[in-house]
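Here the structure is laid out as structure tokens; the discussion comes afterwards.
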Amino acid sequence: MLQSAPPQHIPPHVAILAIDAFTALAHAEMHTHGAESISQVHFHEVGAVDSIVDTVGTLLALYYLDVDLGGEDGYGDVAVTCAPLPMGEGTVWTDHGLLPVPAPATMRLMVGMPTCPGPKGVTGELVTPTAAALLRVLTGVYYFDSGEYGKNNNEPTYWQAKGVSGRPPSMIPRAVGVGAGTKDFERHPNVLRLILGEDLGRSANQGSGGTAETRNKTGDVSFGESNNESNKVSESLDSAVDVKTNQICKGGVGTKSKKTEQKPQLWDMHSLTHMQANIDDATPELLAHAIDILIKNGAIDAWVHPIVMKKGRPAHCLHCICHSETGNANAAYVDATQNAPTDDTSAEYRLLNIMFRHTTTLGIRIQRNILRAALKRRFVEVQLPYRDNIREGKVDVKISSLNNGEVVSVKAEFDQCKVVSEESSIPLKIVSSAAERLAWDHHVTPQTI
Numbered sequence: 037m038l039q040s041a042p043p044q045h046i047p048p049h050v051a052i053l054a055i056d057a058f059t060a061l062a063h064a065e066m067h068t069h070g071a072e073s074i075s076q077v078h079f080h081e082v083g084a085v086d087s088i089v090d091t092v093g094t095l096l097a098l099y100y101l102d103v104d105l106g107g108e109d110g111y112g113d114v115a116v117t118c119a120p121l122p123m124g125e126g127t128v129w130t131d132h133g134l135l136p137v138p139a140p141a142t143m144r145l146m147v148g149m150p151t152c153p154g155p156k157g158v159t160g161e162l163v164t165p166t167a168a169a170l171l172r173v174l175t176g177v178y179y180f181d182s183g184e185y186g187k188n189n190n191e192p193t194y195w196q197a198k199g200v201s202g203r204p205p206s207m208i209p210r211a212v213g214v215g216a217g218t219k220d221f222e223r224h225p226n227v228l229r230l231i232l233g234e235d236l237g238r239s240a241n242q243g244s245g246g247t248a249e250t251r252n253k254t255g256d257v258s259f260g261e262s263n264n265e266s267n268k269v270s271e272s273l274d275s276a277v278d279v280k281t282n283q284i285c286k287g288g289v290g291t292k293s294k295k296t297e298q299k300p301q302l303w304d305m306h307s308l309t310h311m312q313a314n315i316d317d318a319t320p321e322l323l324a325h326a327i328d329i330l331i332k333n334g335a336i337d338a339w340v341h342p343i344v345m346k347k348g349r350p351a352h353c354l355h356c357i358c359h360s361e362t363g364n365a366n367a368a369y370v371d372a373t374q375n376a377p378t379d380d381t382s383a384e385y386r387l388l389n390i391m392f393r394h395t396t397t398l399g400i401r402i403q404r405n406i407l408r409a410a411l412k413r414r415f416v417e418v419q420l421p422y423r424d425n426i427r428e429g430k431v432d433v434k435i436s437s438l439n440n441g442e443v444v445s446v447k448a449e450f451d452q453c454k455v456v457s458e459e460s461s462i463p464l465k466i467v468s469s470a471a472e473r474l475a476w477d478h479h480v481t482p483q484t485i
């Protein structure tokens with residue numbers, strides 16, 4: 037398919053590198069499954085359309101940004117380096133069942149490449165097979181021999197980095213692009229950064245009267261997290277379009293792209309998973325207990341609403357939401373088995389287990405990657421004059437604001453106000469009102485109102 041693609045759509049050099057990436061992946065799968073030839077290899081997840089689009093799209097983006105991708109045969113010097121790849125820990129769900137991370141084929145692709153531990157406390161896949169294959173082809177070179185493996189499969193039997201692997205090159209940064217994956221982590225951003233720069237060695241040669249050449253670019257790919265099939269590198273290049281004339285157009289005629297002015301987002305967008313179950317044979321006490329356990333085990337929210345089920349039976353629908361842990365933006369519309377919880381420590385797995393074990397439901401509906409718009413939130417502590425209580429008059433107040441700093445809501449913590457009210461014999465409404473007024477007066481500046 038790539039070899040027969042029209043050159044005006046996919047340049048031959050890009051097609052060669054894309055084929056190299058999938059060939060490297062095929063060899064990794066061949067060894068993992070103990071096959072005798074890559075012709076016996078069948079791709080599962082990485083054979084999907086989105087993996088092909090990610091691979092070709094990434095290479096096309098680098099090609100049109102004038103990144104030096106080596107010679108036309110795909111094996112010349114290349115000016116792409118990457119940071120060490122995070123190993124990660126835990127397990128990942130695949131067509132072959134639950135596997136340790138990195139998955140076997142991914143681990144083979146990472147052999148010889150610099151690695152580092154993943155962020156502390158993070159489980160699940162941090163480098164996908166597609167990302168590993170791409171980086172292996174872009175940052176290294178294969179050598180062939182006629183040994184035991186190369187004899188029958190023309191297999192690359194040795195890999196060597198083309199530059200100082202795992203370290204940024206000596207360059208002058210010219211543009212930076214950042215792309216975010218759809219999977220959210222609690223303690224670190226899931227982003228991939230691409231840096232375009234001018235090679236210092238080439239710049240020095242040109243400055244001293246050397247032969248004029250096309251300016252050489254280098255790309256440094258730094259991983260905050262490399263999930264979601266190289267995190268859609270093509271989406272991270274918006275900031276670089278003013279640096280170079282892009283020639284992505286029909287018929288090969290290039291036009292300079294103008295940087296699109298985008299208004300800042302006033303609120304955060306979160307990707308969530310929504311789980312719900314209809315229950316017609318549980319007591320109110322049981323449902324209240326289930327909600328309490330769900331909240332204590334990582335649910336963002338849990339609630340119940342009354343419904344009428346078949347045969348006119350009064351019943352309840354139990355709802356629970358948590359952060360999505362899949363990397364597929366279209367996960368809500370594809371086969372659910374392809375986006376099952378990655379390991380038994382994931383929030384989704386844990387909450388499903390609670391709903392089955394602590395309620396009488398026989399089935400739970402799951403909708404992944406629903407979007408929620410949310411305000412920024414922070415807590416401040418205020419000191420009330422009512423000190424004759426266990427809290428000594430100290431109450432937390434939640435301040436909610438837009439991303440531009442405008443405060444839109446100030447709310448005192450109800451349970452803390454209740455303690456102060458009961459032990460100091462002050463009406464609850466007076467306690468909460470006083471706490472909120474103190475927050476407005478001392479923690480909200482006039483510019484943010």
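Straight run, no breaks: the sequence shown in our numbering ends on number 485.
Virtual Cβ for every residue (Gly too), placed ideally from N, Cα, C.
Paired residues, beta bridge with residue i - DSSP
i	result
T175	Partner(s): none; T175 has no beta bridge.
I315	H352
H359	L308
D235	M207
G70	G70 pairs with nothing; no bridge assigned.
Q419	K430
R413	S436
Selection from the options that minimises the alpha carbon distance to residue i
i	options	result
A62	P165, D451, V455	P165
D316	T395, I208, E417	T395
H45	L53, A471, V92	V92
H352	T159, V446, Q312	Q312
E222	T151, E361, S73	E361
L174	I390, A115, S307	A115
G124	V158, T130, Y99	V158
A51	E65, W339, S87, L96	L96
H325	K454, L236, S307, R393	R393
V147	V431, A169, L330	A169
L3	A139, R349, G154	Because the chain is modelled from 37 through 485, residue 3 falls outside the range shown and cannot be assessed.
V467	E428, I402, N405, L105	E428
D90	Y99, A167, K412	A167
S234	M207, A216, P225, T218	A small fix is needed here, since residue 234 is Glu in this sequence, not Ser. Selected option, being the one with the closest Cα: M207.
Q231	A338, C356, L98	One point to set straight first is that residue 231 is Ile, not Gln, in the sequence displayed. Here the closest residue by C-alpha is L98.
V480	D424, F415, V455	F415
V227	Q403, A211, L162	L162
V332	Y100, A383, R349	For the record, residue 332 in the displayed sequence is Lys; it is not Val. Selected option, being the one with the closest Cα: A383.
T381	G106, C118, G126	G126
H310	K346, I357, D451, S461	I357
L390	A139, D328, A211	Note that residue 390 corresponds to Ile in the displayed sequence, not to Leu. Measuring from the Cα of I390, the nearest candidate turns out to be D328.
Enclosing beta strand (DSSP E) for residue i [first to last residue]
i	result
N405	401-410
H341	337-344
K447	443-448
Range covered by the alpha helix (DSSP H) that runs through residue i
i	result
S437	S437 -> not in any alpha helix (DSSP H); beta strand (DSSP E) instead, spanning 430-437.
K219	Looking at the DSSP string, K219 is not in any alpha helix (DSSP H), and its letter there is neither H nor E.
H394	383-394
Where residue i sits in the DSSP three-state scheme
i	result
P320	helix
V480	coil
G287	In this prediction, G287 scores a pLDDT of 37, lower than 50, which makes its location untrustworthy; no coordinate-derived value is stated.
R473	helix
T281	Its pLDDT being 31, under 50, T281 is placed unreliably in this model, and the value from its coordinates should be taken loosely. Here T281 sits in coil by DSSP.
L398	coil
L330	helix
I46	coil
I466	helix
D424	coil
Q301	coil
S461	coil
G186	Low local confidence applies: a pLDDT of 36 at G186 is under 50, so the model's placement there is unreliable, with the coordinate-based value given in what follows. Looking at G186 - three-state DSSP - the assignment turns out to be helix.
| query | Considering only residues of the stretch 80-165, which uninterrupted beta strand (DSSP E) runs meet the minimum length of 3 residues and lie entirely inside it, listed in chain order? | reply | 116-118, 127-130, 133-136
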